[in-house]
Amino acid sequence: QAGLTLDSVLPTNQRVFLQEKIILDLGADLIEMSGQIHSANRLLFEEVAEIFDARVLGIDFLCQDIGTSWKEQKCAIMELNSLPFIDMHHFPLEGEPRNLAGMIWEMILTNN
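Once you know that position 41 of the sequence shown is 933 in the working numbering, the rest is easy, because the numbers rise by one and skip nothing.
Here is the structure:
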């Protein structure tokens, strides 16, 4: 679609996406950004978890900037996962790793 061939040489800093879908199975880049979530987005996620009575819930949230409120940008909750894949937070390509397994275990032990 980009008019490139296997012999094409890209200019410095130009990116070409080889796949339209961004999923782990196809080699997505995992960037840990939990510390940058806007407070309004965090509140939205907590309310969604409460609606579904879920202590642990993976929320696939599509937005331009997780640090901007969902009220100020086009965004969507794409999927909810009652058994979320948490490995990505332990071993991100970029960002500070987070011990979600430990956090979940602590929540279970303290019954919170």
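Yeah, the Cβ is synthetic: ideal placement off N, Cα and C, and Gly gets one too. Remember, it's a predicted structure, so these values are computed and weren't measured experimentally.
Contact under 8 Å by Cβ, residue i with residue j
i, j, result
"V940", "I929", "no"
"A932", "K966", "no"
"L954", "M970", "yes"
"A993", "S974", "no"
"L935", "L949", "no"
"V908", "L898", "no"
Residues bridged to residue i [DSSP beta-bridge criterion]
i, result
"I951", "L972"
"I1005", "Residue 1005 cannot be examined here, being either before or after the span of the chain that is shown, 893 to 1004."
Cβ distance (whole Å) where residue i is taken to contact residue j below 8 Å
i, j, result
"R990", "S926", "6 Å"
| Within the chosen definition, does the segment 919-927 reach the segment 980-996 through at least 3 CB pairs nearer than 8 Å? | The segment 919-927 makes contact with the segment 980-996, as at least three CB pairs between them are under 8 Å.
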